[in-house]
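Under this note's numbering, think of the first position of the sequence shown as 221, with each following residue one higher.
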Amino acid sequence: MSKAVTTIIIIAGVIIGLIILFHLFMWIFWLSISLTISMKKEYNKTNKFYNWVFVLWYRYMMIVGMIRLHITGYEKVPFGTHFLLVSNHRSKFDNFVQCAVLKKTQIAYISKPENFKIPMGRRYMRRGLYLAIARNNPKEALGTILKAIDYIKRDVVSIGIFPEGTRSKDGTLAEFKPGSFKIAQKAGCPVVVCCMQGTENIAKNWPWKKTDVYMDILDVIEPTVWKEKDTVQVASEVQQMIQKKIDEE
């Protein structure tokens with residue numbers, strides 16, 4: 221083996237070693253920070269440090285996931301106030317991208333109870349004020365909605381929801397649940413309408429190629445809408461708006 225080849229192998233080995241060490245360090249960092257979050261304590265306020273760590277995690281996952289991001293409508297987002305973010309749901313990466321892009325505000329998502337069993341992730345979700353919703357228990361679901369309303373009213377955090385209630389595998393939207401929009405109606409906050417496309421391809425493309433992900437802020441519905449329309453009408457209009465954007469592609 222020539223000296224040049226040996227040198228190349230050594231350099232390649234060092235680079236690979238450094239990459240492994242970097243990722244190992246990041247995971248140890250996030251694990252260590254997560255252990256400072258109590259699973260017994262009830263949190264009612266956000267924390268800038270933990271939010272920074274949370275966003276850092278999302279951005280890290282976007283880089284590792286080889287996401288090539290395309291954003292439109294960012295200038296429409298009302299960062300001066302807390303809002304209800306309404307989006308279609310294509311994959312588990314949707315909220316990763318949304319939180320990383322909209323990092324100027326903290327977003328707490330309403331999510332299914334199973335997600336609160338994810339090791340390490342459940343601690344950050346708890347500290348980030350994420351809310352579990354038991355769809356098969358109307359009383360508990362109502363409690364979650366009321367808590368989300370309270371968070372926005374007290375100017376604590378913005379709320380993110382996927383009103384389909386599940387992921388869409390083929391791009392065709394399931395019916396948007398009007399009850400989700402009660403949060404904005406009762407809190408008197410804007411509704412930010414977001415369309416996500418491409419996140420469903422991340423897992424199958426990785427690690428062989430990058431994935432184009434499209435995040436489009438389509439509209440911001442002001443609180444005055446509730447003087448003329450109810451949640452059923454607004455849910456239907458938002459669904460049509462997002463479906464129209466999907467059909468354009």
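Where a beta carbon is used, it is the ideal one built from N, C-alpha and C, also for glycine.
Following the DSSP letters along the chain, one finds residue 328 inside the beta strand (DSSP E) bounded by residues 327-331. For residue 436, the closest alpha carbon among the candidates 463, 450 and 378 is that of 463. Taking every protein chain shown into account, the CB of residue 310 has 16 or more other CB atoms within 10 angstroms, so this residue is buried. By the C-beta criterion, the segment 381-399 is judged not to be in contact with the segment 316-327, since fewer than 3 inter-stretch pairs fall below 8 Å. A distance below 6 Å between beta-carbons, with the five flanking residues on each side excluded, links residue 292 to the following residues of its chain, in chain order: 436. Taking 8 Å as the cut-off, the Cβ atoms of residue 397 and residue 410 do not count as close. According to the DSSP assignment, residue 369 belongs to the alpha helix (DSSP H) that extends over 358-373. Residue 330 is not a Cβ neighbour of residue 253, given a cutoff of 8 Å. Beta-bridge pairing by DSSP links residue 415 to 436. Three or more Cβ pairs closer than 8 Å define a contact, and the segment 353-364 falls short of that threshold against the segment 420-429.
If you look at residue 387, you'll find it isn't in any alpha helix (DSSP H); DSSP assigns it neither H nor E. Distance from residue 451 to residue 405 at the Cβ level is roughly 6 Å; contact confirmed, criterion being Cβ atoms closer than 8 Å. For the pair residue 320 and residue 349, the Cα-to-Cα distance works out to about 17 Å. Taking 8 Å as the cut-off, the beta carbon of residue 377 is found closer than this to the beta carbon of residue 327. Taking residue 439 as reference, the option from 367, 347 and 305 with the minimal CA-CA separation is 305.
Excluding its 5 nearest sequence neighbours in each direction, residue 461 has C-beta neighbours in its own chain below 7 Å: 413, 438 and 439, listed in chain order. Using a Cβ distance threshold of 8 Å, residue 353 and residue 379 do not count as a contacting pair.
A distance of 8 Å or more separates the beta carbons of residue 240 and residue 302. Selection 386, 295 and 297 evaluated against residue 335 yields 386 as nearest (Cα-Cα). Annotation for residue 298: 410 and 440 place their beta carbon closer than 7 Å to its own, counting only its chain and skipping 5 residues before and after.
Your pair residue 346 and residue 257 checks out as a contact, with CB atoms roughly 6 Å apart and the cut at 8 Å.
Per the C-alpha coordinates, the member of 307, 279, 259 and 459 positioned closest to residue 338 is 259.
A residue is called buried when at least 16 other Cβ atoms come within 10 angstroms of its Cβ; residue 420 meets this threshold and is buried. Under a 10 Å Cβ-count criterion, residue 369 is classified as buried, with 16 or more other Cβ atoms of the shown protein chains found around its own Cβ. Boundaries of the beta strand (DSSP E) around residue 288: 287-292.
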